[in-house]
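Colleague: In order, the protein sequences belong to chains U and L.
Mapped onto the numbering used here, the consecutive letters of the first sequence carry residue numbers 27 to 141.
Mapped onto the numbering used here, the consecutive letters of the second sequence carry residue numbers 997 to 1106.
The beta carbon of each residue, even a glycine, is placed where N, CA and C say it ideally should be.
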Amino acid sequence: GAVVSQHPSWVICKSGTSVKIECRSLDFQATTMFWYRQFPKQSLMLMATSNEGSKATYEQGVEKDKFLINHASLTLSTLTVTSAHPEDSSFYICSARGTDFYEQYFGPGTRLTVT
Amino acid sequence: GQQVMQIPQYQHVQEGEDFTTYCNSSTTLSNIQWYKQRPGGHPVFLIQLVKSGEVKKQKRLTFQFGEAKKNSSLHITATQTTDVGTYFCAGSSNDYKLSFGAGTTVTVRA
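Written out as structure tokens, the structure is:
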């Protein structure tokens, strides 16, 4: 099956700093990538949808200036959490889908802790 | 916006027994997908249902899509310890975005 990697798998940063998370599709071209946030024992909340070469579409309530998304190529999307605060601590998961299939393949997730 | 409700939130099952988790959408869906997330892991795609009234089976798992395409269910027979995890339904309209249900977390007692 299709493989999606995510880096880093966990990160601890100080309040006020920025953190970049990478999401890569390893064996297929991801025309669309999705970024989710998951709190402990809760469901996945879609943050934004990104298509290669165009601006990301953010869900209602998600600050686009705080969560910068770049989808520069068909295999890479990045999420940058700017000026992180403790309330941004969470599990961030990306997923990707290609043109030939409908399901989403998820990365392993990144656990962000802001101190 | 589209909302997907899923019940029960927790399911504690005796090994060998059957159980069902249910999803309901506030709007008509174009398709519904099911994912499984093991403890500490990430969601893994199980199946997609597209047609009204569709039923699909994967070994001990049976997935159904309602006639009105607003509800779905996952039924697992003869539960095994390998079935432990959280099962999410996720509904989609025609824009490929998924709205995830709250998930049903399954634990199994031997």
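Could you please tell me which residues of the segment 1046 to 1062 of chain L, in chain order, have their CB closer than 9 Å to any CB of chain U?
Modeller: Of all residues in the segment 1046 to 1062 of chain L, Val-1046 have a Cβ within less than 9 Å of some Cβ in chain U.
Colleague: For the beta strand (DSSP E) that L/Phe-1015 lies in, which residues bound it at each end?
Modeller: Run containing L/Phe-1015: 1015 to 1021, per the beta strand (DSSP E) assignment.
Colleague: Is the CB-CB distance between U/His-111 and U/Val-88 below 8 Å?
Modeller: Contact: no.
Colleague: Is it buried or exposed for U/Asp-126, if we count other Cβ within 10 angstroms and need 16 for buried?
Modeller: The residue is exposed, with fewer than 16 neighbouring Cβ atoms inside 10 Å.
Colleague: Output, in chain order, the set of chain U residues within a Cβ distance shorter than 7 Å of L/Ser-1038.
Modeller: First, the residue type needs correcting, since residue 1038 of chain L is His and not Ser in the sequence shown. Correct list: Ile-119, Phe-132, Gly-133, Pro-134, Gly-135.
Colleague: Taking 8 Å as the CB-CB cut-off, is U/Leu-72 touching chain L?
Modeller: Closer than 8 Å: yes.
Colleague: Ignoring anything shorter than 4 residues or poking outside the segment 1036 to 1069 of chain L, list the alpha helix (DSSP H) runs there in chain order.
Modeller: Entirely contained in the segment 1036 to 1069 of chain L, not one alpha helix (DSSP H) run reaches 4 residues.
Colleague: Among the candidates U/Lys-67, U/Cys-49, U/Tyr-118, U/Leu-72, whose CA atom is the shortest distance from the CA of U/Asn-96?
Modeller: Selected option, being the one with the closest Cα: U/Cys-49.
Colleague: Here's a check: name, in chain order, each residue in its chain whose Cβ is nearer than 8 Å to the Cβ of L/Thr-1077, leaving out the five neighbours to either side.
Modeller: Around L/Thr-1077: Glu-1011, Val-1104, Ala-1106.
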